[in-house]
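Q: These protein sequence lines map, in sequence, to chains A and B. Okay, so the first sequence: first residue is 1 according to my numbering, each after it adds one. Okay, so the second sequence: first residue is 1001 according to my numbering, each after it adds one. Glycine included, C-beta positions come from ideal geometry on N, C-alpha and C.
2 protein chains.
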Amino acid sequence: MSKRKVPVRAAAVVAPVVEREPRPPVEAIRAAAFSQFAERGYPVVTVRDIMKACGLTQGALYNHFKSKDELLHDIIASTQAELERICLQAVAGAGADPRAKLAAFVRAYVVRHCRLRIEALVANREISWLDAEQVGDIRRSRRAIRDILVGVLVQGKEAGLFDPPQIDGRSDLKSVAMALLDQCTHISLWYVPGGRMSEEQMGRLYADMALRSVGAKVG
Amino acid sequence: MSKRKVPVRAAAVVAPVVEREPRPPVEAIRAAAFSQFAERGYPVVTVRDIMKACGLTQGALYNHFKSKDELLHDIIASTQAELERICLQAVAGAGADPRAKLAAFVRAYVVRHCRLRIEALVANREISWLDAEQVGDIRRSRRAIRDILVGVLVQGKEAGLFDPPQIDGRSDLKSVAMALLDQCTHISLWYVPGGRMSEEQMGRLYADMALRSVGAKVG
DNA sequence: GGCCAATGTAAACGATCATTCAGGGGATGC
DNA sequence: GCATCCCCTGAATGATCGTTTACATTGGCC
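Written out as structure tokens, the structure is:
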């Protein structure tokens, strides 16, 4: 009987990462780390695991990254930056109507979290293993995304196009934005591709719900 | 320079667990495990950590629990069972109108996830460290809660009191239910007590948003 | 060919982990 | 006094971890 059991996450329902071409080793390490972190969680994935999945030995990691920590930060930061870019782009390209902005934001956000489930999973779940200085820029990016959404809500309310829920006479748009973001983010935990609803359909469903939640006027 | 760094979660914003009375040791262990798991995560919290927080040594754990795994399952299962009970009770006590049922469900669910943030955090985030047979009954309870909500939505739609969003002519009430649950569950990640909004106000805000999302007829 | 920088291997290092085990009180019942 | 629990301690066990180190192997460039 073994004395120590390494905790193993219940196998996530994620599509296997198919290996196409011989990749540059840094990219291979990143890809292996993504899928391993997503499936089993950062603290229990060993450097040996990651490197074995690339057909290398453990020591080789340190030719490309300073530490296991830095590897995690690298893959999370790149995912997060890409997400922020997508959100900005969606809002900027949706015209002037706050309703179109909100719908475009939610659609883009949801489609991305369906399509890149693994990356979203890791970026959202494993961030807390980074230490303070590493986590700073990622939290900043998250706040930026939230503030984009808050901005759209404020604009829509002031234009009289949104009638957001009020509690005791006050409307707390920050809480509303957080609620919408939680909803859209955690779809990556359970959405299964190839099911009854496509990624684009989920995007439209969530956009519809968001518009209803903030009381968007029709027409 | 130390060779191995134990990963530490960024300190969560959780109220400290105040120690009132000398508790029976099993209860003290449970409470210590809750706060430690919530703050730092199951795999990096050691048995030594938990027991030291109770003023005991590591070996004493095994007089009360078979293993560290069983301790985690114990505290998650009790939290989950309580949550299921609360949801059932809320719906049952809300009368016949599906709108009242939905509002009561969301209010109870949100208030609980604000008030017992720590317990909710652990139950939702650390469940995946359990092995298959341990996780079975918890997944069952989660499905049961989701099905309570789906049931309310179906009833409201058939009664013509809900007009849920349709995508390409079909309405996927299961996805809508998941979206609402995600929203309400993850409030435990960021809600800070003592802020501008009380737990009850958050409950009403979320209930309002849920009613709007499913297109509940007013009046 | 000779040199250099990249990139790999294999072994070692120091530390920490969950769990087990032999034994020590202290209460309770007799 | 004595046996029988329960609950604890403190040390040991066997394993695994992230990282470092010494040393190969490669391929381009002079």
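Does any residue of chain A have a CB that is nearer than 7 Å to the CB of R1112 (chain B)?
A: no
Q: Relative to the C-alpha of I118 (chain A), which residue among A:G215, A:A177, A:A32, A:K217 is closest?
A: A:A32
Q: Measuring alpha carbon to alpha carbon, tell me which of B:S1175, B:E1199, B:L1205 ends up nearest R170 (chain A).
A: B:L1205
Q: Where do the ends of the alpha helix (DSSP H) carrying Q1166 (chain B) lie?
A: Q1166 (chain B) -> no alpha helix (DSSP H), and no H or E assigned at all.
Q: Mind listing the chain A neighbours of P1043 (chain B)? Cutoff is C-beta to C-beta under 8 Å, in chain order.
A: P7, G41, P43, V44
Q: Exposed or buried, which one is W1129 (chain B) when buried takes at least 16 other CB atoms within 10 Å?
A: buried
Q: For M1051 (chain B), decide whether its Cβ has a neighbour in chain A, counting only Cβ atoms nearer than 7 Å.
A: no
Q: Where in the region 77-132 of chain A do unbroken runs of the alpha helix (DSSP H), each at least 4 residues long, occur, reported from the N-terminal end onward?
A: 98-115, 117-125
Q: Compile a chain-ordered list of the residues in the region 183-212 of chain A whose CB is closer than 8 Å to at least one CB of chain B.
A: Against chain B - using a Cβ distance shorter than 8 Å - the residues of the region 183-212 of chain A are Q183, T185, H186, I187, L189, W190, R196, M197, Q201, M202, R204, L205, Y206, D208, M209, R212.
Q: Mind checking which residues open and close the alpha helix (DSSP H) that includes C1184 (chain B)?
A: 1173-1185
Q: Taking Cβ positions, are A1104 (chain B) and A1094 (chain B) nearer each other than 7 Å?
A: yes
Q: Pull out every residue of the region 139-170 of chain A whose Cβ sits closer than 7 Å to any Cβ of chain B, in chain order.
A: P165, I167, D168
Q: Give the secondary structure of R1170 (chain B) by DSSP, where H, G and I count as helix, E and B as strand, and everything else as coil.
A: strand
Q: If we count the other Cβ atoms within 10 Å of its Cβ and call it buried at 16 or more, is P1024 (chain B) buried or exposed?
A: exposed
Q: Looking at chain B, is there any beta carbon in it that lies within less than 7 Å of the beta carbon of A179 (chain A)?
A: yes
Q: Please state whether DSSP places K66 (chain A) in a helix, a strand or coil.
A: coil
Q: Is it buried or exposed for D172 (chain A), if we count other Cβ within 10 angstroms and need 16 for buried?
A: That one is buried.
Q: Three or more C-beta pairs under 8 Å: does that hold for the region 130-147 of chain A against the region 56-75 of chain A?
A: In short, these stretches touch, since the Cβ pair count reaches three.
Q: Which residues in the same chain have their Cβ closer than 8 Å to the Cβ of C114 (chain A), if we skip the five residues on either side of it in sequence?
A: I187, S188, Y191, P193, E199, M202, G203.
Q: Restricting to Cα atoms, I'd like to know which of B:R1146, B:V1106, B:V1111, B:D1168 is closest to L1211 (chain B).
A: B:V1106
Q: Is there a C-beta anywhere in chain B that falls below 7 Å from the one on D137 (chain A)?
A: Closer than 7 Å: no.
Q: For S213 (chain A), collect the residues of the same chain with a Cβ closer than 6 Å to its Cβ; drop the 5 residues on either side in sequence, then sort them by chain order.
A: none
Q: Output, in chain order, the set of chain A residues within a Cβ distance shorter than 8 Å of D1172 (chain B).
A: Within 8 Å Cβ-Cβ: R196, M197, L205.
Q: Assign T185 (chain A) to one of two classes, buried (16 or more other C-beta atoms within 10 Å of its C-beta) or exposed (fewer than that).
A: buried
Q: Interface residues of chain A around G1215 (chain B) at Cβ under 9 Å?
A: R212
Q: Measure the Cβ-Cβ separation of Q36 (chain A) and V47 (chain A) and say whether it is below 7 Å.
A: no
Q: For S35 (chain A), which residues in chain B fall below 7 Å Cβ to Cβ?
A: Simply none; closest approach about 15 Å.
Q: Could you give the residue range of the alpha helix (DSSP H) that holds Y206 (chain A)?
A: 199-213
Q: Would a C-beta distance cut-off of 7 Å place A120 (chain A) and L149 (chain A) closer than the cut-off?
A: no
Q: Against S1175 (chain B), what residues of chain A qualify as contacts under a CB-to-CB distance less than 8 Å, listed in chain order?
A: M197, M202, L205
Q: If you compare alpha carbons, which of A:G215, A:R30, A:P164 is closest to I76 (chain A)?
A: A:R30
Q: On the CB-based measure, 16 or more other CB atoms within 10 Å of its CB, does Q1089 (chain B) come out buried or exposed?
A: So Q1089 (chain B) counts as exposed.
Q: Hey, quick one: how far does the alpha helix (DSSP H) through V47 (chain A) stretch, first residue to last?
A: 47-53
Q: In the DSSP assignment, the alpha helix (DSSP H) including A159 (chain A) goes from what residue to what residue?
A: No alpha helix (DSSP H) holds A159 (chain A); DSSP gives it neither H nor E.
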